[in-house]
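Heads up: the sequence shown begins at 444 in my numbering, then just goes up one per residue. For each residue, glycine too, the CB sits at the ideal point set by N, CA and C. For clarity, every value in this text was computed on a predicted model and none was experimentally measured. One structure below.
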Amino acid sequence: MLKNKMLQWLIMILIAITLIALASFVLWDYLDKRSNPAGITGNSTESVQTKRLSAKQIKEQTVEIKDIVTNLFGDDYVKISFAFELENNSAKEEFELLHTRVKSIIVQTLVDLTADQIRGSKGLDLISTTLINKINPILTKGKLTRVDITDISIDIN
């Protein structure tokens with residue numbers, strides 16, 4: 444009789460542990476998807492799919508922003524120009540309408556970086572990737588697919 448009761452308790456405890464573990468995994472998956480609906484992690488641009496475009500299409504879907512001068516973290520300054528390639532013409536038109544907001548995002552991104560962080564190809568990749576991840580959420584008619592830094596000069600004080 445005692446063994447039978449212990450077996451029943453053991454089975455109930457195992458079922459309870461299994462249900463708690465299952466509920467934890469379901470909740471974790473739900474919260475992960477909710478906090479990051481696009482699946483973008485860190486400085487990743489994996490969610491941006493690019494298709495092969497002709498040179499004419501690239502030119503038609505590219506917006507240039509030239510000569511942004513701002514301070515970096517510390518006493519250094521940067522002068523930088525960009526070419527933003529967008530997914531389609533609708534996205535380009537929307538991007539142009541959001542010109543002021545895009546410039547604000549660029550400045551906010553740069554003021555958090557030091558001159559050492561933006562030096563070299565890794566630094567330029569950091570800027571490009573960060574801008575793609577910050578600008579794409581404000582676009583509703585398409586995506587920003589590429590950010591090229593066309594000119595950069597750093598003034599170190």
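Rounded to whole angstroms, what is the Cα-Cα separation between residue i and residue j?
i      : j      : result
ILE501 : GLU528 : 7 Å
SER497 : GLU503 : 10 Å
ALA526 : THR543 : 15 Å
PHE516 : VAL506 : 27 Å
MET449 : ILE463 : 21 Å
GLU530 : ARG495 : 11 Å
ILE511 : ASP598 : 13 Å
Closest by CA to residue i, which one among the options?
i      : options                        : result
LYS584 : ARG495, GLU537, ILE575, ILE456 : GLU537
ILE581 : ILE599, VAL512, ILE454, LYS535 : LYS535
VAL550 : LYS586, ARG562, LYS509, LEU450 : LYS509
LYS546 : ASP559, LEU567, ILE578, GLN560 : ILE578
If you count every other CB in all the chains shown that lies within 10 Å of the CB of residue i, and 16 or more means buried, which is it?
i      : result
ASN486 : Reliability fails at ASN486, whose pLDDT of 49 lies under 50, so the model's placement of it is uncertain and the value that follows must be treated cautiously. By the neighbour-count rule (16 or more Cβ atoms within 10 Å), ASN486 is not buried but exposed.
LEU465 : exposed
GLY482 : Confidence is the limiting factor: at GLY482 the pLDDT is only 47, short of 50, which leaves the residue's position unreliable, though a coordinate-based value still follows. Counting Cβ neighbours within 10 Å, GLY482 comes out exposed, since fewer than 16 surround it.
THR461 : exposed
THR557 : exposed
ASN532 : exposed
ARG562 : exposed
GLU489 : For GLU489, the pLDDT reaches just 49, beneath the cut-off of 50, and the residue's location in the model is therefore unreliable, leaving the point undetermined.
THR593 : exposed
Relative to the ligand ATP, is the shortest distance from any of its heavy atoms to the C-beta of residue i smaller than 7 Å?
i      : result
THR583 : In the structure on display, the ligand ATP does not appear, and there are no ligands present to speak of.
Report back the beta-carbon spacing between residue i and residue j to the nearest angstrom; my notes put them in contact at under 8 Å.
i      : j      : result
VAL590 : SER564 : The pair is not a contact, with the Cβ atoms about 14 Å apart (cut-off 8 Å).
### Task
Return the chain-ordered ranges of every alpha helix (DSSP H) run that is complete within the stretch 528-561 and spans a minimum of 4 residues.
532-540, 542-554, 558-561
### Query
Curious, which full-length alpha helix (DSSP H) runs of at least 4 residues does the stretch 494-518 contain?
498-503
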